[in-house]
Structure formats: C-alpha cells, structure tokens
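Notes to accompany the following structure.
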C-alpha cells in the first residue's frame with residue numbers, strides 16, 4: 656500500500672464543503688483567543704457532545720487544554736470576514752488575502768456576548784453559540800480531537816438561518832427548502 660501525499664489529501668478534502676465555526680476561549684488573565692475551524696461536528700445528543708479538531712502547536716489548543724472550557728460559534732453567511740480574521744487573514748475589496756497584523760487584537764471592535772459557563776466570547780451574529788466544557792482530547796495525527804460537552808447554548812432568532820460554508824477554497828451558502 657502506498658502513502659497518500661499531503662497535497663493530494665488536501666485536494667480531496669477541498670471537494671467537501673462544511674460549515675464554518677470560530678472556536679473561542681479565554682486565558683488565565685481574561686484575554687480572548689480564537690481560531691476558525693471547519694473540522695467540527697456533533698457527536699452525541701445524550702449527553703450533548705461535539706468534537707472539533709485543532710492542530711497541535713496552535714495556541715488555542717494549549718489554552719483549551721489548560722482552561723478546560725471553550726465556545727463554538729457557528730457562523731452565518733454574513734460572517735465571512737470573521738472567518739478570515741480568525742483564520743489569520745484579511746481579504747481586501749479586490750479579494751486579495753493578507754496576514755492579520757500580529758499587533759492587532761482579533762476581538763477588537765467586535766460585538767461580544769460572554770458565555771455563561773466558560774466565559775468565552777460569543778460572536779454577535781452567529782447562528783448558534785455552544786458553551787462547552789472539555790471532556791477529553793484524543794490523538795488524531797498532527798491534530799487533537801477535542802470532545803466538548805455542551806453546558807449551555809444560544810440560538811439566533813429568525814426564520815432565514817443561512818450558514819456559512821467553505822469548500823473548494825471558497826465560501827458559499829445555501830438556504831434549505833422549508
């Protein structure tokens with residue numbers, strides 16, 4: 656059996672569209688931290704569990720491991736810029752991507768609501784905010800598989816819930832038939 660090279664595997668995964676989330680937590684001094692993640696899924700209804708995969712070495716990985724709590728912000732179509740911001744970049748009006756300036760706080764100028772249990776940042780405009788405690792971290796190659804138990808949640812109001820999707824290197828959305 657031959658090994659699958661990383662570039663081919665990445666290309667295969669680009670053919671799969673998924674929802675987009677921003678994972679948030681706070682450090683011991685109360686500073687907010689966050690990252691964009693599309694490797695997120697529900698795991699169990701009873702008890703209510705989710706999982707999110709985070710690359711080892713990522714600062715959010717370490718902070719969630721230390722704090723034992725985090726929030727998952729499920730992004731709406733209107734939050735594409737937030738996805739880019741927490742992925743580490745800025746996209747200008749011409750579609751050009753550039754790195755987020757190191758000295759700039761990613762949470763500056765955002766409307767936030769504190770989650771009740773973890774104290775993590777809930778991003779205004781998210782379709783849902785899941786407030787989680789960390790159940791365990793499982794090994795997953797160069798990532799950790801974080802299992803979170805939902806302690807509380809906030810749902811966006813309204814009929815037209817349009818989730819942000821990412822696939823093929825670009826953002827998109829759909830509105831389900833009702």
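Residue numbers (this note's numbering): 656 to 833.
Where is the CB? At the ideal position from N, CA and C, for every residue including glycine.
Beta-carbon separation (whole angstroms), residue 775 vs residue 741, contact threshold 8 Å: No, residue 775 and residue 741 are not in contact; Cβ-Cβ is about 13 Å, not under 8 Å.
Does the beta-carbon of residue 731 have 16 or more other beta-carbons within 10 angstroms, so that it is buried, or is it exposed? buried
Give a yes or no on whether the C-beta atoms belonging to residue 790 and residue 803 are separated by under 8 Å. yes
Segment contact flag, the stretch 692-704 with the stretch 669-677, C-beta cutoff 8 Å, min 3 pairs: yes
Option in 828, 827, 810 and 824 with minimal Cα separation from residue 728: 810
Expected contact under 8 Å - CB spacing of residue 772 and residue 760 to nearest Å: About 24 Å; that fails the 8 Å criterion.
Let me know the secondary structure DSSP gives residue 711 once reduced to three states. coil
Take residue 833 and list the residues in its own chain whose beta-carbon comes closer than 6 Å to its own, dropping the five residues that flank it on each side. Any reading at residue 833 needs caution, since the residue's pLDDT is 49, under 50, leaving its predicted position unreliable; the model's value is listed next. Answer for residue 833: no residue qualifies.
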